[in-house]
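Residues 2 to 195 (our numbering) are what the sequence shown spells out, left to right.
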Amino acid sequence: MKIVAISGSPSRQSKTARLIDHAAARLAAQDIETQRFSVYDFAAEELLYGNFAADSVKAFQQVIARADGVLIATPVYKAAYAGALKVLLDLIPEGGLAGKPVLPLVSGGSPGHLLAVEYTLKPVLASLKASEIHQGVFAVEQQIAVSPQGQATLADELRQRLDEAVDDLAVLLRPAARLAAPRGHDFISRTISL
């Protein structure tokens with residue numbers, strides 16, 4: 002099985018990327034491969050003009066089409082997801098997430114950005130026809146510590162929520178779970194505590 006992780010961070014070494022790192026490691030332990038994409042995988046002109054004819058864009062679309070599920074990771078700026086994520090989502094054709102469960106991973110400077118997941122990100126994912134959209138995991142940046150050597154440490158509470166969300170996603174990737182899951186609804190409702 003394969004997951005596609007789409008990083009909306011404009012930084013290669015962001016705290017948002019650390020959430021993907023942790024999720025990918027947990028998925029790998031369950032024999033689920035994660036393939037990552039970010040704005041750095043495309044020429045600026047391809048993103049700026051939404052060039053669907055570009056080879057890199059076609060390859061991205063094919064990987065999305067074959068994926069069993071999707072991780073969407075973004076920092077929150079000014080109560081909305083990052084513009085870098087927007088240009089990547091614009092490369093996905095209409096209905097391109099149909100039949101795929103999606104787990105949003107979001108980081109922000111304060112808990113005040115928590116509702117950005119609900120009010121700005123989920124409507125876009127729904128418009129791409131994601132079959133199930135997880136409530137998501139919101140991390141306050143202080144919950145992600147990065148050492149001078151680049152090693153990330155997640156706060157215990159964040160790590161627990163992220164592990165549970167990733168495990169929920171892994172269960173949904175199993176064919177029997179996909180057949181049984183109701184379509185068009187959040188597949189998990191879990192209170193987020195900060």
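Even for Gly, the Cβ is constructed at its ideal location relative to N, Cα and C.
Run the CB neighbour count on residue i, radius 10 Å, all protein chains shown included, and call it buried at 16 or more, exposed below.
| i | result |
| --- | --- |
| Ser-8 | buried |
| Glu-34 | exposed |
| Ile-4 | buried |
| Tyr-82 | buried |
| Lys-59 | exposed |
| Gly-185 | Annotation note: pLDDT 44 at Gly-185 (below 50); position unreliable, coordinate value reported separately. That one is exposed. |
| Pro-76 | buried |
| Ala-30 | exposed |
| Ala-140 | buried |
Can you give the beta carbon distance from residue i to residue j, rounded, assuming they're within the 8 angstroms contact cut?
| i | j | result |
| --- | --- | --- |
| Asp-69 | Ala-153 | Incorrect: roughly 26 angstroms between the Cβ atoms, too far for contact. |
| Leu-196 | Leu-106 | Any property of residue 196 remains undetermined from this structure, which presents the chain solely from 2 to 195. |
| Gly-96 | Glu-142 | That pair is no contact at about 34 angstroms. |
| Arg-103 | His-135 | The sequence as given places Val at residue 103; Arg does not occur at that position. Confirmed, Cβ separation roughly 7 angstroms. |
| Val-40 | Ala-85 | 5 angstroms |
Nearest to residue i by alpha carbon, out of the options?
| i | options | result |
| --- | --- | --- |
| Glu-165 | Ala-6, Lys-3, Ala-24, Val-5 | Ala-24 |
| Ser-132 | Gln-31, Phe-53, Leu-174 | Leu-174 |
| Glu-158 | Ile-145, Asp-169, Leu-86 | Ile-145 |
| Leu-129 | Lys-79, Ala-66, Val-147 | Ala-66 |
| Ala-44 | Val-5, Phe-61, Leu-163, Gly-151 | Phe-61 |
| Tyr-78 | Ala-54, Ser-10, Pro-124, Ala-6 | Ser-10 |
| Gln-150 | Val-5, Ile-4, Gln-14 | Gln-14 |
| Ala-6 | Val-88, Leu-28, Asp-169, Arg-37 | Arg-37 |
| Asp-168 | Ser-148, Val-147, Val-138 | Val-138 |
| Leu-98 | Pro-76, Val-64, Ser-111 | Val-64 |
| Ala-170 | Leu-155, Thr-121, Lys-101 | It is worth fixing the name first, because residue 170 is Leu in this sequence and not Ala. Taking only the C-alpha atoms, the option nearest Leu-170 is Lys-101. |
| Phe-53 | Ala-30, Ala-80, Gln-31, Val-88 | Val-88 |
| Gln-161 | Arg-27, Met-2, Ser-12 | Arg-27 |
| Ser-12 | Pro-124, Asp-42, Ser-111 | Asp-42 |
| Asp-32 | Glu-119, Thr-121, Met-2 | Met-2 |
| Ala-80 | Val-147, Leu-122, Ser-57 | Leu-122 |
Pull up the DSSP beta-bridge partners for residue i, would you.
| i | result |
| --- | --- |
| Glu-34 | Lys-3 |
| Thr-75 | Val-107 |
| Tyr-82 | Val-77 |
| Thr-154 | Ala-146 |
| Val-141 | Gly-109 |
| Ser-8 | Ala-74 |
Practice item. Examine the Cβ distances between the stretch 46-54 and the stretch 107-124 and report whether three or more of them are shorter than 8 angstroms. Key: no
Exercise for review: May I ask you to verify whether the stretch 15-33 touches the stretch 85-100, counting CB pairs closer than 8 angstroms and requiring at least 3?
Suggested key: no
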